[in-house]
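First the structure, in the form of structure tokens, and then the observations on it.
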Amino acid sequence: MAIEIKEVCGRKNIKKFVVFPFSLYKGNRYWVPPLIFDEVNALDPKKNPAYEFCEAKLWMAYKDGKAVGRVAGIINHKANQIWNEQNARFGWLDFIDDYEVSSALFAQVENWAKSKGMRAVQGPLGFSDMDKEGMLIEGFEELGTIATYYNHPYYPLHTENAGYQKDADWLEYELDAQVSIPEKFIKVAQIVQERYKLRILQFKKKNELLKYAHQIFEVLNDAFRPLYGFVPLTDAQIEYYTKMYFSFIVLDFVSVVVDENDKVVAFGITMPSLSKSVQKAKGKLFPLGFIHILQAMKKNDTVDFYLTAVRPNLQGKGVNSLLFIDLIPKYQKFGIKKAESNVELENNVMVRRQWDMFPKRQHKRRRAYIKHI
Numbered sequence: 209m210a211i212e213i214k215e216v217c218g219r220k221n222i223k224k225f226v227v228f229p230f231s232l233y234k235g236n237r238y239w240v241p242p243l244i245f246d247e248v249n250a251l252d253p254k255k256n257p258a259y260e261f262c263e264a265k266l267w268m269a270y271k272d273g274k275a276v277g278r279v280a281g282i283i284n285h286k287a288n289q290i291w292n293e294q295n296a297r298f299g300w301l302d303f304i305d306d307y308e309v310s311s312a313l314f315a316q317v318e319n320w321a322k323s324k325g326m327r328a329v330q331g332p333l334g335f336s337d338m339d340k341e342g343m344l345i346e347g348f349e350e351l352g353t354i355a356t357y358y359n360h361p362y363y364p365l366h367t368e369n370a371g372y373q374k375d376a377d378w379l380e381y382e383l384d385a386q387v388s389i390p391e392k393f394i395k396v397a398q399i400v401q402e403r404y405k406l407r408i409l410q411f412k413k414k415n416e417l418l419k420y421a422h423q424i425f426e427v428l429n430d431a432f433r434p435l436y437g438f439v440p441l442t443d444a445q446i447e448y449y450t451k452m453y454f455s456f457i458v459l460d461f462v463s464v465v466v467d468e469n470d471k472v473v474a475f476g477i478t479m480p481s482l483s484k485s486v487q488k489a490k491g492k493l494f495p496l497g498f499i500h501i502l503q504a505m506k507k508n509d510t511v512d513f514y515l516t517a518v519r520p521n522l523q524g525k526g527v528n529s530l531l532f533i534d535l536i537p538k539y540q541k542f543g544i545k546k547a548e549s550n551v552e553l554e555n556n557v558m559v560r561r562q563w564d565m566f567p568k569r570q571h572k573r574r575r576a577y578i579k580h581i
């Protein structure tokens with residue numbers, strides 16, 4: 209029977225789109241479900257401020273009346289302007305192991321992109337760098353994180369069969385968090401702190417951290433500007449992400465460095481891993497999901513790195529050492545044994561070099577593909 213592609217409209221149907229992978233990955237111990245309310249809000253034009261400069265379509269594929277796949281098509285006009293491109297993006301891609309289904313989904317995005325005057329389709333990418341990006345191509349037997357996609361091993365085969373080629377790769381590392389900080393590293397941190405008149409902030413209440421939220425995202429915008437596909441976050445997006453994520457932050461797992469004028473120059477936002485707790489919660493905070501998440505925040509042996517950045521004028525000068533001498537003793541105090549780096553671009557040598565002090569293994573690789581149309 210022919211594959212039927214239907215456009216997804218309205219919040220109720222967006223939720224159906226969001227929960228489709230739950231059946232596709234049922235029983236898979238490596239897949240970490242999304243928090244459903246987060247995903248629905250991200251795809252709702254009334255909620256996500258990225259729609260101010262993006263347009264998007266959502267589609268689901270049906271075979272014999274049964275849902276068998278989904279995909280989002282996105283055009284980020286701001287990204288195209290910054291990078292001088294005419295690209296559409298695909299994201300939220302999931303499908304059964306059926307080439308008819310995957311081909312129909314890719315064709316739907318490509319035809320829509322052509323109708324909008326686009327010349328290429330790339331992905332998996334979201335509206336911004338704050339969304340999940342990159343298709344898993346190595347590490348299928350590693351537990352996922354809530355910040356990344358997990359996908360079946362057949363996805364890359366289907367994607368390449370549809371004519372897509374590598375555009376960029378991200379690497380992920382598992383790090384030994386019980387490492388002793390080398391004396392040389394501590395000395396570098398002391399020298400850097402004195403030379404640039406820097407200090408590490410200590411927070412007792414979330415309101416104290418919230419005062420620096422906007423500055424943190426400004427550093428992020430400056431530091432990430434040259435990275436693949438990055439688009440600086442607007443004030444509306446900064447407010448959106450601050451409200452969404454800062455309520456979850458565990459203060460002991462955040463490090464912020466400021467200069468003599470109390471301006472943020474570097475930060476590291478990390479969290480106790482929520483992977484297993486979100487699996488138990490099945491992507492729902494209520495009625496009982498939040499209990500699993502609260503337990504994971506209090507007792508855990510793994511930490512996830514989410515966002516780390518240093519202002520461009522201080523990069524390569526050892527400022528990141530201050531983040532580590534602040535965070536590593538806290539990890540050890542809380543019984544953290546390992547850390548997940550989450551995604552970093554293969555060609556971002558400076559970021560990859562910062563893990564050299566940790567015993568580590570590179571255990572995952574993910575890819576952004578591109579196809580010229």
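Position in the sequence shown counted from 1, then plus 208, gives you this note's numbering.
Beta carbons are placed, not taken as given, at the ideal position from N, Cα and C, and that holds for glycine.
Contact defined as beta carbons within less than 8 angstroms: I believe residue i pairs with residue j. What is the distance between those atoms, to the nearest angstrom?
i	j	result
LEU502	PHE245	Contact flag wrong, Cβ pair sits at about 17 angstroms.
TYR582	SER549	Limits of the chain in this structure are 209 at one end and 581 at the other, which puts residue 582 out of reach.
ASP272	PHE566	With 8 angstroms as the limit, ASP272 and PHE566 do not qualify as a contact, their Cβ atoms being about 50 angstroms apart.
ILE213	ALA269	6 angstroms
VAL427	LEU530	Not a contact, Cβ separation roughly 14 angstroms.
LEU266	LEU251	6 angstroms
GLY524	VAL396	Rounded, the Cβ-Cβ distance is 12 angstroms, inconsistent with contact.
LEU553	ALA376	6 angstroms
ILE408	ASP534	5 angstroms
SER323	ALA370	With a Cβ gap of about 18 angstroms, SER323 and ALA370 do not count as contacting.
LYS405	GLU468	4 angstroms
ILE211	GLU368	The Cβ separation is near 20 angstroms, so there is no contact.
PHE225	ARG278	5 angstroms
ARG573	LEU365	With 8 angstroms as the limit, ARG573 and LEU365 do not qualify as a contact, their Cβ atoms being about 15 angstroms apart.
ALA321	ILE581	6 angstroms
What are the start and end residues of the alpha helix (DSSP H) that includes residue i?
i	result
MET505	497-506
ASP512	That residue, ASP512, is in no alpha helix (DSSP H); its beta strand (DSSP E) goes 510-518.
VAL559	557-561
GLU554	Per DSSP, GLU554 belongs to no alpha helix (DSSP H) and is neither H nor E.
TYR539	528-541
LEU428	421-432
ILE394	391-403
GLU489	As written in the sequence, residue 489 is Ala, which differs from the Glu given in the question. ALA489 -> alpha helix (DSSP H) spans 483-489.
ALA444	443-453
LEU365	362-369
LEU418	414-418
What does a CB cutoff of less than 8 angstroms around residue i pick up in its chain, not counting 5 residues either side in sequence?
i	result
ILE457	LYS414, LEU417, ILE477 and MET479
TYR362	ASP305
GLN373	TYR577, ILE578 and LYS579
ASN556	LEU435
TRP260	The question names Trp, but residue 260 in the sequence shown is Glu. Around GLU260: THR442 and ALA444.
ARG569	TYR381 and GLU382
CYS262	ILE282, ILE283, ASN284, HIS285, LYS286 and PHE335
ASP339	ALA250, GLY299 and LEU333
LYS545	ASP384, ALA385, GLN386, ASP509 and THR510
PHE230	PRO241, LYS490 and GLY491
ALA355	LYS340, ASP512, TYR514, ASN550 and VAL551
TYR449	MET338, PHE425 and LEU441
Along the chain, where does the beta strand (DSSP E) containing residue i start, and where does it finish?
i	result
ILE475	It should be pointed out that residue 475 corresponds to Phe in this sequence rather than to Ile. Taken as a continuous stretch (DSSP letters only), the beta strand (DSSP E) holding PHE475 covers 472-480.
VAL279	274-284
GLU263	262-271
SER463	462-466
HIS571	568-580
GLU215	212-215
TYR381	373-384
GLU548	546-548
Taking 7 angstroms as the limit between beta carbons, can you name the residues of its chain near residue i, skipping five residues before and five after?
i	result
ILE290	VAL439
HIS422	ILE446
PRO520	ASP430 and ALA431
VAL227	ILE244
TYR539	ALA385 and VAL511
VAL276	ALA269, TYR270, PHE303, ILE304, ASP306 and VAL309
LEU482	ILE354, ILE501 and ALA504
TYR358	TYR238, TRP239, VAL240, LEU344 and GLY352
With a CB to CB cut of under 6 angstroms and the five nearest residues on each side skipped, what residues in its chain are close to residue i?
i	result
GLN445	PRO257
LYS488	HIS500
PRO253	TYR259
ASP337	PHE438
GLY497	ALA489
Count the C-beta pairs between the stretch 548-563 and the stretch 386-402 that are closer than 8 angstroms, then say yes if the count reaches three, no if not.
no
Quick one: complete alpha helix (DSSP H) runs, 4+ long, within the stretch 226-255?
244-251
Okay, do the stretch 515-530 and the stretch 346-353 touch, 3+ Cβ pairs below 8 angstroms being the bar? no
Q) With contact counted as at least three CB pairs below 8 angstroms, one residue from each stretch, are the stretch 337-347 and the stretch 461-473 in contact? A) no
Exercise. Whole alpha helix (DSSP H) runs in the stretch 292-348 with 4 or more residues, listed along the chain?
Worked result: 307-323
Check whether the stretch 323-330 and the stretch 294-303 touch, using three or more Cβ-Cβ pairs below 8 angstroms as the test.
yes
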